[in-house]
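Engineer: Protein chains in written order, with this note's numbering: chain A, 12 to 505; chain B, 12 to 505.
Here it is, the structure in full.
There are 2 protein chains.
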Amino acid sequence: MFESAELGHKIDKATYDAQVPKLREDLLNAQFDLAQKAKFPVIILVGGVDGAGKGETVNLLNAWMDPRHIQAHAMGEKSDEERERPHMWRYWRVLPPKGKIGVFFGSWYTAPIVQRVIGKSKASELNQSIDEINHFEKMLTNEGALIIKFWFHLSKETQRKRLKSLEKDPKTRWRVTDLDWQRFKLYDKFRKVSEHALRAASTAEAPWIVVEGADARYRNLTTGKILLEALRKRLDHSAQAAPANAAPLHAPIDRLNVFDKLDMSQKLAKKKFDAELEKYQGKLNLLTRDERFRNLSVIALFEGSDAGGKGGAIRRITGALDARHYRIIPVAAPTEEERAQPYLWRFWRHLPHNGHVTIFDRSWYGRVLVERVEKFCSEADWMRAYSELNDFEEQLVKNNTVLVKFWLAITKDEQLRRFKEREKTGFKRFKITEEDWRNRKKWNAYETAVCDMVDRTSTEIAPWTLVEANDKNFARIKILKTLCQQIEAAMERV
Amino acid sequence: MFESAELGHKIDKATYDAQVPKLREDLLNAQFDLAQKAKFPVIILVGGVDGAGKGETVNLLNAWMDPRHIQAHAMGEKSDEERERPHMWRYWRVLPPKGKIGVFFGSWYTAPIVQRVIGKSKASELNQSIDEINHFEKMLTNEGALIIKFWFHLSKETQRKRLKSLEKDPKTRWRVTDLDWQRFKLYDKFRKVSEHALRAASTAEAPWIVVEGADARYRNLTTGKILLEALRKRLDHSAQAAPANAAPLHAPIDRLNVFDKLDMSQKLAKKKFDAELEKYQGKLNLLTRDERFRNLSVIALFEGSDAGGKGGAIRRITGALDARHYRIIPVAAPTEEERAQPYLWRFWRHLPHNGHVTIFDRSWYGRVLVERVEKFCSEADWMRAYSELNDFEEQLVKNNTVLVKFWLAITKDEQLRRFKEREKTGFKRFKITEEDWRNRKKWNAYETAVCDMVDRTSTEIAPWTLVEANDKNFARIKILKTLCQQIEAAMERV
Chain A
12 MFESAELGHK IDKATYDAQV PKLREDLLNA QFDLAQKAKF PVIILVGGVD GAGKGETVNL
72 LNAWMDPRHI QAHAMGEKSD EERERPHMWR YWRVLPPKGK IGVFFGSWYT APIVQRVIGK
132 SKASELNQSI DEINHFEKML TNEGALIIKF WFHLSKETQR KRLKSLEKDP KTRWRVTDLD
192 WQRFKLYDKF RKVSEHALRA ASTAEAPWIV VEGADARYRN LTTGKILLEA LRKRLDHSAQ
252 AAPANAAPLH APIDRLNVFD KLDMSQKLAK KKFDAELEKY QGKLNLLTRD ERFRNLSVIA
312 LFEGSDAGGK GGAIRRITGA LDARHYRIIP VAAPTEEERA QPYLWRFWRH LPHNGHVTIF
372 DRSWYGRVLV ERVEKFCSEA DWMRAYSELN DFEEQLVKNN TVLVKFWLAI TKDEQLRRFK
432 EREKTGFKRF KITEEDWRNR KKWNAYETAV CDMVDRTSTE IAPWTLVEAN DKNFARIKIL
492 KTLCQQIEAA MERV
Chain B
12 MFESAELGHK IDKATYDAQV PKLREDLLNA QFDLAQKAKF PVIILVGGVD GAGKGETVNL
72 LNAWMDPRHI QAHAMGEKSD EERERPHMWR YWRVLPPKGK IGVFFGSWYT APIVQRVIGK
132 SKASELNQSI DEINHFEKML TNEGALIIKF WFHLSKETQR KRLKSLEKDP KTRWRVTDLD
192 WQRFKLYDKF RKVSEHALRA ASTAEAPWIV VEGADARYRN LTTGKILLEA LRKRLDHSAQ
252 AAPANAAPLH APIDRLNVFD KLDMSQKLAK KKFDAELEKY QGKLNLLTRD ERFRNLSVIA
312 LFEGSDAGGK GGAIRRITGA LDARHYRIIP VAAPTEEERA QPYLWRFWRH LPHNGHVTIF
372 DRSWYGRVLV ERVEKFCSEA DWMRAYSELN DFEEQLVKNN TVLVKFWLAI TKDEQLRRFK
432 EREKTGFKRF KITEEDWRNR KKWNAYETAV CDMVDRTSTE IAPWTLVEAN DKNFARIKIL
492 KTLCQQIEAA MERV
């Protein structure tokens, strides 16, 4: 991949000076259109060999364009708040919103490549990281992001010369440290590993672009032109949602589904319930005070039919917890800032610290439930969501998050009974709306969506727990018990 | 202040059980109205003596109300991201938005009181902290927040008994640590200091409410009733903006103002400019690479007439910086999430880390400029803004932030010349809008607002630098030079 970036590309001063003014004007105009139309975010990754002009390029982009709409991020050491979240959290929190440009100096590629170069990871681990990165970038581009990945390259000999010449000049001497020379010794290894990573991560949506870094004029002009072309292409040909070419999902032809296997008649008598409630709330409380709990976090996620009893179940959990250590996130319509970001951003921002519990009252599954049924998103969007959600959850679980997913199932008759009851009780008046009645009419469509969801996202690492919730007592205990079991199991693993 | 909280208040079980269901229903209804109407945030502070039921009360509120709209915050150790910002940053980042309730367990009172109790601060320092807190809370209530401050008290004897009885019970033994007994020894000191703090911070808008904590039923019922009453009062009698009773501001009767003293004819020839630019950009670059710079942060704030040259000046600064270490915040219309918070929240969220530079292109002064002139806020709002902005800036400066404020002044004729030029140049087409022409018609009103702003917010710790900007070269050098000087001065202090 690096051959044509070792040819000694050069641009003479006259050519450069002649081309730059027009290029800058075009770039500014493109950026203006981007900011005004604000239809998509631009993510620029800057990677490559030391001394090949990475930092200079980031500064150049700021100098050439309107720096008010560019955010450059150097991803150095993680802060403690970042260390307690999944690895990608630090990137999610600074993703550029629509209309803005985010420049990542040191990106999600850095750690996997460096780890492999210094021998701290295996080839297979690097491949897996690249695989995850491809999924992540695919999600971003599906969400509309324009991703441009620049790799600045120098041949070994050029890099050596460059370090030497920087060292000689008193003005730039500070830029060359012992570490640079140590890293230079790893040049061959670094070249090999990054060549492999770049190739594996050069997808149709977001290919790596290798730029020879030795000559500043060549580097600048190349970078600027590629950036301009990419921006213009996207601005002038508004991307259309790709049609879902996959085979359509369909309900089993015999209509038998996972809910048919649930015994909806299960009940728990009041007395038994009181005893079990005390038992499992006590247990949950003890678990959260266990020393090992400080290295975990918990996400409990509730989905279910309207009037399925999510709120009541959640209160039985929080009743066992210290209010200082949990947070309930009721998932409602996204805010303006959330709408300017990829779908999952609104959930990433709420991920718990270690030792904390976050309860999602409705969740990221909205995409494959309400958004699918009500056609708030395209078929292509909800079809790709299954694997995106699985990827997301895998990252949570890898980060020692105990992820427990509950679906509260009630029968159609029971729902009717509860709706009517709610209408009668002043206390609960705010729990029943016109929308609930409308949704009820779509019972079958929702059921299909739920079954697809369970089929596609009940994974080994994050299985769905289907809760027979016609009897509230039974449901609440099943939920508490499941939660305790999963936390216990995780503690034993940690 | 504690006398009536040492009387041994008690509520019997029958009374309690009779009153609680209605109270809970009323609380839920009030909370529902709050969430639906979403007109103001509720901030509940929970403080007091150990063992007096602080934690229990927080849990109680969550149990009685809808926990999805309550966020409880235990303010423990600061994270490293918090340590690099002004002390109040950690509170600002978790303030509840309109329609929500935030419960602070351990609040902005904790540190000042504890520091004084353990002898790490002087009486005068405590008083100053309380003073700052009063300003902060006054700002919050002016912004519409409902602040309810509960202090749970126990007499010394009751506290001793309570710790003993917790220790005896195997179920609660874990709750009593050596630290608790150490703190018990400081009871008298703590009582004295907190009594003083509570009295000094019991303002008309946000008085402390002392509740005897010994009897749980008394405590719960009292807390619930006070909370309900406070909520209902605010919900049912929508607060009106207080009229500004202060004497109106007026321009000096002879119309002589600070701008008349500026020599607007100052110029810098191209050659001199080039030399100075290189000199001060080089200097600025060196300063930001100085080791001492890692303990500082810089905020450079730009206000000025339309077409005053803010953008160009900013680019001369960023040209000297590494893009990874600065961020430009163009201040535009607030987002939905920002509108749900106090005015200053949108700026607090962008405060720089140590070693970083944040440049505000327009700033918090919008309130006393455009919002005043265009009547986007009430007179009371912009009148109180002067002292709020001064308070805010004082916190920045105390936190080793170098705060540099520039006003770019041009004459009315020069503005006209630039507007016309911009209309002609395609490159600058996006820099001139209808709004600019409209604003120009209000030149005098803006001038009055600017003069008031300078008079009231050019303070010793954060003076305004008025920049004669008819000549762009002169302005740019003056700005770079000032910035360098202020960073240097700060470095010598650190």
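Quick reminder that beta carbons are idealized off the backbone N, C-alpha and C, glycines included.
Predicted, not measured: the structure shown is a model, and the values here were computed from it.
Select from B:L362, B:D265, B:A324, B:I310 the residue whose C-alpha is nearest the C-alpha of Y291 of chain B.
Structural biologist: It is B:A324.
Engineer: Pair every Cβ in the region 127-140 of chain B with every Cβ in the region 214-234 of chain B, then say whether three or more of these pairs are closer than 8 angstroms.
Structural biologist: Fewer than three beta-carbon pairs drawn from the region 127-140 of chain B and the region 214-234 of chain B are found closer than 8 angstroms, and the two stretches are therefore not classed as touching.
Engineer: Using C-beta distances below 7 angstroms, list every residue in its chain close to Y354 of chain B, excluding the 5 sequence neighbours before and after it, in chain order.
Structural biologist: E154, R378
Engineer: Extract the residue ranges of the alpha helix (DSSP H) inside the region 337-423 of chain B, only unbroken runs of 4 or more that lie entirely within it.
Structural biologist: 347-350, 356-359, 381-384, 390-409
Engineer: If I follow the unbroken alpha helix (DSSP H) through T234 of chain B, where does it start and stop?
Structural biologist: 227-247
Engineer: Taking a Cβ distance cut-off of 9 angstroms, strictly less, list which residues of the region 320-352 of chain A are near chain B, in chain order.
Structural biologist: G322, I325, R326, T329, G330, L332, D333, A334, R335, H336, Y337, R338, I339, I340, P341, T346, E347, E348, E349, A351
Engineer: Between the region 159-172 of chain A and the region 219-229 of chain A, do three or more beta carbon pairs fall short of 8 angstroms?
Structural biologist: yes
Engineer: Go ahead and pull the three-state DSSP assignment for A217 of chain A.
Structural biologist: coil
Engineer: Along the region 89-112 of chain A, what residues have a CB closer than 7 angstroms to any CB found in chain B?
Structural biologist: S90, D91, E92
Engineer: If we define contact as Cβ-Cβ less than 9 angstroms, is L295 of chain A a contact residue for chain B?
Structural biologist: With 9 angstroms as the cut-off, L295 of chain A does not count as an interface residue toward chain B.
Engineer: Taking R79 of chain A as the query, report the chain B residues whose CB atoms sit under 7 angstroms from its CB, ordered along the chain.
Structural biologist: I339, P341, D372
Engineer: Mind listing the chain B neighbours of N306 of chain A? Cutoff is C-beta to C-beta under 8 angstroms, in chain order.
Structural biologist: Simply none; closest approach about 17 angstroms.
Engineer: Confirm, please, whether the CB-CB distance from D317 of chain B to M502 of chain B is below 9 angstroms.
Structural biologist: no
Engineer: Could you spell out the range, first to last residue, of the beta strand (DSSP E) harbouring G315 of chain A?
Structural biologist: 308-315
Engineer: Please report the distance separating the alpha-carbon of A122 of chain A from that of L427 of chain A.
Structural biologist: 54 angstroms
Engineer: Based on Cα-Cα distance, which residue from A:H146, A:G224, A:K89 lies nearest to Q170 of chain A?
Structural biologist: A:G224
Engineer: Using DSSP with H/G/I as helix, E/B as strand and the rest coil, what is I472 of chain B?
Structural biologist: coil
Engineer: Which class does K483 of chain B belong to by DSSP, given the choice of helix, strand or coil?
Structural biologist: helix
Engineer: Decide if K321 of chain B is buried, meaning its Cβ has at least 16 other Cβ atoms within 10 Å, or exposed.
Structural biologist: Its Cβ being crowded by 16 or more others within 10 Å, K321 of chain B is buried.
Engineer: Just the C-alpha distance for L45 of chain A and H361 of chain B, rounded to the nearest angstrom, thanks.
Structural biologist: 23 angstroms
Engineer: So, for L209 of chain B: in the same chain, excluding its five sequence neighbours on each side, which residues have a beta-carbon less than 8 angstroms away from its beta-carbon?
Structural biologist: M12, W162, W219, V221
Engineer: Start and end of the beta strand (DSSP E) containing Q82 of chain A?
Structural biologist: 81-85
Engineer: Taking V105 of chain A as part of the beta strand (DSSP E), name the residues at either end of that continuous run.
Structural biologist: No beta strand (DSSP E) contains V105 of chain A, which DSSP labels as neither H nor E.
Engineer: Hey, quick one: how far does the beta strand (DSSP E) through W162 of chain A stretch, first residue to last?
Structural biologist: 157-164
Engineer: Mind listing the chain B neighbours of A74 of chain A? Cutoff is C-beta to C-beta under 8 angstroms, in chain order.
Structural biologist: R326, T329, G330
Engineer: Rounded to a whole number of angstroms, what is the C-alpha to C-alpha distance between D466 of chain B and N401 of chain B?
Structural biologist: 12 angstroms
Engineer: Comparing alpha-carbon positions, which option in B:W75, B:T152, B:A74 lies nearest Q352 of chain B?
Structural biologist: When only C-alpha atoms are compared, the closest one is B:T152.
Engineer: Find the residues of chain A that neighbour A83 of chain B, judging by a C-beta separation of less than 9 angstroms, and give them in chain order.
Structural biologist: D333, A334, R335, H336, Y337, R338
Engineer: Would you say R300 of chain A reaches chain B, if we count a Cβ-Cβ gap shorter than 9 angstroms as a contact?
Structural biologist: yes
Engineer: Taking only three categories from DSSP, how would you classify V478 of chain B?
Structural biologist: strand
Engineer: Could you tell me the alpha carbon to alpha carbon distance between T26 of chain B and G113 of chain B, rounded to whole angstroms?
Structural biologist: 29 angstroms
Engineer: For chain B, is any of its Cβ atoms less than 9 angstroms away from the one on F116 of chain A?
Structural biologist: yes
Engineer: Below 7 angstroms between beta carbons is the criterion; list the residues of the region 47-71 of chain A that meet it against any residue of chain B, in chain order.
Structural biologist: G66, V69, N70
Engineer: I'd like to know if the region 223-238 of chain B and the region 59-79 of chain B are in contact, where contact means that at least 3 CB-CB pairs between them fall below 8 angstroms.
Structural biologist: yes
Engineer: If the criterion is Cβ atoms closer than 9 angstroms, does the pair K111 of chain B and H84 of chain B meet it?
Structural biologist: Against a cut-off of 9 angstroms, the Cβ pair of H84 of chain B and K111 of chain B comes out as no contact.
Engineer: Tell me the DSSP secondary structure of F195 of chain B in three-state form.
Structural biologist: helix
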